[in-house]
Every structure is written in C-alpha cells, then in structure tokens.
Amino acid sequence: MTRKNGETKVSASHHAAREIIVRGIPASPGIAIGQVHFLRGDVAAVPPRKIAPAEVEPEIERLERALEETRAAMLRSRQRAVAMAGTAVGRIFDAHLLILEDQELQKEVRGRIAREQFATEFIVYDTMGRTIELLEKQKGELFRERAMDVRDVRAQLFRFLQGGQDAAPENPDEPSILVAANLSPTDTLHIDRTHIMGIATDLGGPTSHTAILARSFEIPAVVGLGDISARVKSGQTLILNGNSGKVVIAPTAASLKEYRDKHKRYQRLLANLAGLRDLPAETSDGHAIELHGNIELPHEVESVRTHGGTGVGLFRSEYLFLTREAPPSEEVQFEAYFKAAEGMWPCPITIRTFDLGGDKLHPGQSALAERNPFLGWRGIRVSLSHPDLFRTQLRAILRASVKKNVRIMFPLIASLWEVRDAKKALDEAKMELRQEGIAFDEKMPVGIMIEVPSAVILADQLAREADFFSVGTNDLIMYTLAADRGNEMVAKYYDAYHPAVLWAILETVRCGHKAGISVGLCGELAADPLATALLIGLGVDELSVSAGIIPEIKKIIRSIRFADCQEIAARARELPTAEEVRTLLEEEMKRRFADLPIWFTTEG
Amino acid sequence: MVAQEVTLKNKLGLHARPAAHLVRLAAQYKSNVVLVKDDARIDAKSIMGVMMLAAEKGASLTIECQGEDEEELLAKLVQLVEDKFYEE
C-alpha cells in the first residue's frame, strides 16, 4: 500500500513506554493480532544420554523406523507441495530426501551409536550438527540455505524419533502469530491455518519460500524483522501489519482497541463485499474496468475467481526459480502456466516473462554482485542475454496458450529494440512449435510493461509494437523519482502521488489509447483504495491487484461515476505537490465513502 | 585404484542438483569413490560430503575409484562431469 514513510525502524511509542514498533519487509498482506507462538524450527540441544550395550540394537532399530517414517512423511510433503504449488516448489523436498537418504550419514550415525553408546537423539543431533556448522561457515547464501535444509531434515527426523507426526508438534489453540528466526518449507507447508493468524520472521525477503507460501495461503506475514524472535516472549500480544511491514510488540490498550476495531470493520466490510462477486466492475454510469488479480502460484487463480476477478493481470513467473538451482525446464514451466490458464479459462491470464535480477540465476556466485542492481542486469535484459533460457520460457508460455486465454508481457522495457528482439525470439519459438506440430495461440497478445521513464517518453512508438501496456508502478515510481523506498534515508522521496508519476501514467494512457491498445496498471498503487477514482479518471482500463483486495476495489468502482473520476483526475493533474494530491483524494474519498473503512489498508 | 583429474564446466558447479546426480551414480557401484579438492578428501557417495566440497565452476577435482568396478565407475563419473551434469 502506498503510505507516508519515514518511521524510524525501532521506536518506542510516545504514548506508552512499553509499546515497541519493529519494521520489516511486508511479505503477505493483511492485519493480524495474536499471541506470540514460537515455532521451534530447530530442535533444542540434546544432552548426551548413555545407553547400556544391550540397548544399542534397539536404539538402532528405533533409528531405522524413524528414518523410514520420515522418508514417507517427506514424500507426503512433496506430494502436498506439488498439488498446491506445482513441481517447482515440490523440488524443495527432493533435496531433503537426498540428505535423509545419505548413506554416509546413516552409516556414521549407526556406527557412533554402537561405538559411543549414546542414545540415538544425541548422536543424530551431534552428527548432523557438525555438518550444519561446517555449511554455515562457508560463504554464500546457497550454503546457508543448505544448512537450513539439513536443520529441517534433522527436525523432521526428531519428530519421528519422538513418535510425532508430519506437522509441527505444538499447534496453538488460540489466535497466534507465528514467530521464528526463519521458517523451513516444511513448517510453512504445515501451518495450522485455523489458529495461526500471522507470521513474523527474523530472516527472509519478499521472494523467500515463506513469503510466497504465506501469500498463497493468505496469511499476513512480515519477514526480515532482524531479531524479533529474540525480542518477544511467548504469549505476548503482537499486532502484525502485512501491508506496511510493521509489527507492534506489547501494544497499549489503545493501539489494540484501534486495530481490533479496524479489523472488525474490515471483516464486516469483506462480508458485505462478498455479494459483489458476480457483479461487473463498472462505475455507476456504466464505464467498465477490467479488475484482475496478481498471482505467483498457479493455484491462486482459484482465489482470484472466488474474489470476483475476471482475469490475471500479472502472473509472476519467478517462483519457478524458488529452489535456486538450474533454470526450470520447459515441462515444469508449461505445467505451471497451463494450470493457471486452465483454472482461469475463459478469462485471460497475463504471464510476465522472468523478472530476475542477476543474483537469482547464478546461485553461489557472489562475485556478480552489482554496484547498482536496480540499474543493472534485470528483467528483459537477463532474458535477452540468455537466449536458451528465454526460448524455453517462450515455448512453455506459447504451449500454455492453446486455449487462447494467455497474454505475455515483457518487463523492464526501456528501448524499442528490446521489444523487437523479444518479439523476434517469440516468432522463432512459434516457428519451432509449428515445425514440431505443437498447438498454440497464433494471436497470443504481446504486452509491454511500462516501468522505466524512457518507456513513457517513447510510449507513442512502443504502442505500435504492442497489443497492450501494463504500468508497473513500483518500479516506475522508483525510476522516475530516483528513490528506493527500501532505503529509509530516501523512502519519503518515493511517492506514488508525485505529479511526475501522475503525468507518466496519463501519458502512457494517452499514447496507448491513441494506438487503440488497452492500458493496465499492476503495481501496488492499483491496490490503494485512495487511488482508484484517480486512476480510472486518468483513463486506466485495467487494474490488477492481489486477490484479497479485489472486492474492496470493486466496491469503490461500482460506487462512483466515471464523470466524477474524470473531474477528480483533472483537478489532481493541476496540483504541484504530492501532498496536495493526497489531500484532495482524501477529502473526495471521505466525502463519497464515509461508510467504507477504506483507510484501513493505507495506514502503517 | 584408478584416478583422473577433471575440471567442472557446468554453470552451477557441484551444487545441490549436480551433486545429487553424482551421488546417485556413485551409489550404483560397489567401488569406493573419493573426490579430492585441494586438501579436502570426501566420500562421493555422501550428498553432504559433496555439498561441503563447495566446488564452483572452473574448480579442478581428482576422482579416485577403488574396487571391483573402479574402471567403469571412473569412466561414468568423468563422462558426467564432461556432459555438464546434463544441466544445460
């Protein structure tokens, strides 16, 4: 959500000494209030317990049984992950199986039990602990991830040594916020969704498996909170805002009431909005808007449908790189794209080709670190410099288009030649498929993401090369204003309502419409209720937001007149500062939507 | 014992999936296999051992095989490295 930035990272509230606010990375939207529930992601240190020589054999038998049960549980986890999120995510569990089945490791554990005569738990803990320690000493993120894998395997093996089950052993019985240093894929997959209202972790970024699975489960989550797991106590109350990335530790009675009221109003609103599901997203004077959903995992099309979305405006394909290994094969990609296309049919889905930074292609090669990654090797640039990678993805997308409801779009376009080269690669992929006799949609629409200022300046020319535009506001704002909102020192310079940003959106719409193509908007601004009337007034044809927000935006669209939107947009365009634009919109929206708690999502 | 030095040519080096290929192949044979890189000697039938080796693209390794099917295994392992672990 768009918000005023500039909060300090850790600050005691002025109102009460005990309330502490910690800021992290918003990973999955929504508000959650609950008690701290620690997930013991790792097993606690096990003291060595001596066993008698006669116990050696039963101990080893116990180990064998646990190994067998753990193996079966991992296969179940993999199946579950594949069913929910596809083969690419299921692969995470292949790595676990390999570690569990490591013959050397098993031999070592058996040998040590016999030689040293300690209970199995201690020997397993200690033997795997040495590996974890060694891996953690290595440089590079990949080794830390492998260490996490070994930890995860050890924790699972422990569950079965102690007669446990697949899921995390201690699920809470009241509304809770899961707090952990880091969540393993297994933990995230087995979260008890009836009692876990939110997730807060010390580590992780917006594309970590925790973030992706949390969004997919629609559980609010904040990651990258630093040392939150060390700062909170079990049973303490937390407020977690997955929209802004803010976590309030030990909130005051006043804060708690404020959030509870908001939460209640929000829930009531959602209940009311459910009735809008099958109604079109059109203004009261009949101007229709395409209201679509953004997704990351194929099965999320279900959520887009149930929330009343009529298409997918942005399918981020990067999740296929989740396991950070070799690029996903054509089959794995096809399976994912086709599942989404089929699930949404006959509504359209828009697949964005890989929007990767250099680091995600070459795991373990930190030497590639760029001085200026946002101005570096990312988006379409990566695809154009990796023809094989690009070709594989284009073929997979084309094959998934067979039912004629797939659109493709290219990220980070800055020049016309990039579009031409990308389209040339697409034509070559088409030719191959024709020669192989594989069916696809010959007329699959090709779109361009408008997120670099040069693309706005050249929009007239780009429009002739494209079937549609999609404005990616997050990057467009960053590049237009030269401000990284992730950097606290300059976050306040990043402002979606800056007049230059409004001009860029308007110019893109003007050029797109002149060429007769539609213009969508899929950044976070599309999900900001404050912006809806303005964006429609500026002429945007399509808004794409995360599924949960669709009903709220639809309600606003259905409650306003297009003529009023145009008037608001015309007035906003005349204002010289972002502050004045925001004030205008707040006044207008409050006046028109007194009954809607639309301020909910915009607040930090 | 037979041995041969190889250079890793695949993009990812001996990371998870290539490592898994190598371990699975080695496990099908009776001979013992040791991978030698600098001062480190590890058992190639252990995924954890291979991961610990942290071999990147361009690294040189010596593969040592010892046992009744050592010749065939060494040939297969060298082939796997030459074929870039079927990664590309």
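Protein chains in written order, with my numbering: chain A, 1 to 604; chain B, 1 to 88.
Ideal Cβ placement from N, Cα and C applies to all residues, glycine included.
key: Short CB-CB distance (under 7 Å) between Gln393(A) and chain B   = With 7 Å as the cut-off, Gln393(A) does not count as an interface residue toward chain B.
task = Using a Cβ cut-off of 7 Å, pull out every chain B residue sitting near Asp102(A), in sequence order please.
result = Those within 7 Å of Asp102(A) in chain B are Ser46, Ile47, Met48.
key: Option in Ala491(A), Lys339(A), Leu458(A), Leu584(A) with minimal Cα separation from Ala531(A)   = Leu584(A)
ask   = So Cys511(A) is in the alpha helix (DSSP H); what residue range does that whole segment cover?
value = That run of the alpha helix (DSSP H) goes 499-514.
key: Neighbouring residues, chain D, relative to Ala20(B) (Cβ below 9 Å)   = Note that chain D does not occur in the displayed structure, where the protein chains are A and B.
request  = In angstroms with no decimal places, state the Cα-to-Cα distance between Glu321(A) and Gly245(A).
outcome  = According to the sequence as given, residue 321(A) is Phe; it is not Glu. Rounded to the nearest angstrom, the two C-alpha atoms are 24 Å apart.
inquiry  = For a cutoff of 7 Å on Cβ pairs, would you count Asp39(B) as touching chain A?
reply    = No - not a single Cβ of chain A is within 7 Å of the one on Asp39(B).
request  = Indicate the three-state DSSP secondary structure (helix, strand or coil) for Met197(A) in the structure shown.
outcome  = strand
task = Return the residue from the list Arg154(A), Ile60(A), Lys50(A), Ser176(A) that minimises the CA-CA distance to Glu116(A).
result = Lys50(A)
query = Can you round the beta-carbon distance between Val33(B) and Glu64(B) to whole angstroms, since I take them to be within the 8 Å contact cut?
reply = 7 Å
Proximal residues to Gly13(B) (C-beta, below 6 Å), its chain only, five neighbours per side dropped = Ala55, Glu56, Lys57
inquiry  = According to DSSP, Gly447(A) sits in a beta bridge with which residue or residues?
reply    = Met409(A), Phe468(A)
message = I'd like to know whether the C-beta atoms of Ala578(A) and Tyr497(A) end up nearer to each other than 7 Å.
response = Yes, they are a contact pair.
query = Leu416(A) to Tyr266(A), Cα distance in whole Å?
reply = 44 Å
query = Under a Cβ-count criterion, where at least 16 other Cβ atoms within 10 Å of its own Cβ denotes burial, should Pro48(A) be classed as buried or exposed?
reply = Pro48(A) should be labelled exposed.
ask   = Is Ala547(A) near His307(A), with beta carbons less than 7 Å apart?
value = yes
key: Nearest-angstrom beta carbon gap, Ala429(A) and Ser476(A) [assumed within contact, 8 Å]   = First, the amino acid is wrong: residue 476(A) is Leu here, not Ser. Not quite, the Cβ-Cβ distance comes to about 28 Å (not below 8 Å), so this is no contact.
query = Taking Cβ positions only, does Met52(B) come closer than 7 Å to chain A?
reply = yes
inquiry  = Please state the DSSP three-state secondary structure of Leu487(A).
reply    = Per the sequence shown, the amino acid found at residue 487(A) is Asn instead of Leu. Three-state DSSP puts Asn487(A) in coil, outside helix and strand.
ask   = Beta-carbon separation of Ala483(A) and Val490(A) under 7 Å?
value = yes
request  = Mind listing the chain A neighbours of Asp43(B)? Cutoff is C-beta to C-beta under 8 Å, in chain order.
outcome  = Glu104
Pairwise C-alpha distance: Ala155(A) and Leu238(A) = Whole-angstrom Cα-Cα distance: 27 Å.
request  = Could you confirm whether any beta carbon from chain B is found closer than 7 Å to the beta carbon of Arg635(A)?
outcome  = Residue 635(A) lies beyond the range of chain A shown here (1 to 604); nothing can be said about it.
Three-way DSSP call (helix, strand, coil) for Gln66(B) in this model = strand
request  = Answer with yes or no whether the minimum CB distance from Ser366(A) to chain B is below 7 Å.
outcome  = Low local confidence applies: a pLDDT of 41 at Ser366(A) is under 50, so the model's placement there is unreliable, and no value is given.
query = Are the Cβ atoms of Leu225(A) and Ala200(A) separated by less than 7 Å?
reply = Yes, the pair counts as a contact, with Cβ atoms nearer than the cut-off.
task = Report the rounded CA-to-CA distance for Leu525(A) versus Arg130(A), giving the unit in angstroms.
result = Going by C-alpha positions, Leu525(A) is about 48 Å away from Arg130(A).
ask   = Which residues bound the alpha helix (DSSP H) around Lys590(A)?
value = 578-592
request  = Below 6 Å CB to CB, which residues in the same chain sit around Arg277(A) once its five sequence neighbours on both sides are set aside?
outcome  = Gly308
inquiry  = Looking only at its chain, what residues have a beta carbon closer than 6 Å to the beta carbon of Ile605(A), apart from the 5 residues adjacent to it on each side?
reply    = No statement about residue 605(A) is possible, as the shown extent of chain A runs from 1 to 604 and does not include it.
key: Between the CA atoms of Leu61(B) and Leu240(A) - distance to the nearest angstrom   = 50 Å
query = How about Phe562(A) and Thr283(A): are their beta carbons less than 7 Å apart?
reply = Cβ atoms of Phe562(A) and Thr283(A): closer than 7 Å.
key: For Arg49(A), the three-state DSSP class (helix, strand or coil)   = coil
inquiry  = Quick check on DSSP: helix, strand or coil for Thr392(A)?
reply    = For Thr392(A), the three-state secondary structure derived from DSSP is helix.
query = So is Lys11(B) buried or exposed if we call it buried at 16+ other beta carbons inside 10 Å?
reply = buried
ask   = Is it a yes or a no for the stretch 369-383 of chain A touching the stretch 331-343 of chain A, going by three-plus beta-carbon pairs under 8 Å?
value = These segments do not touch.
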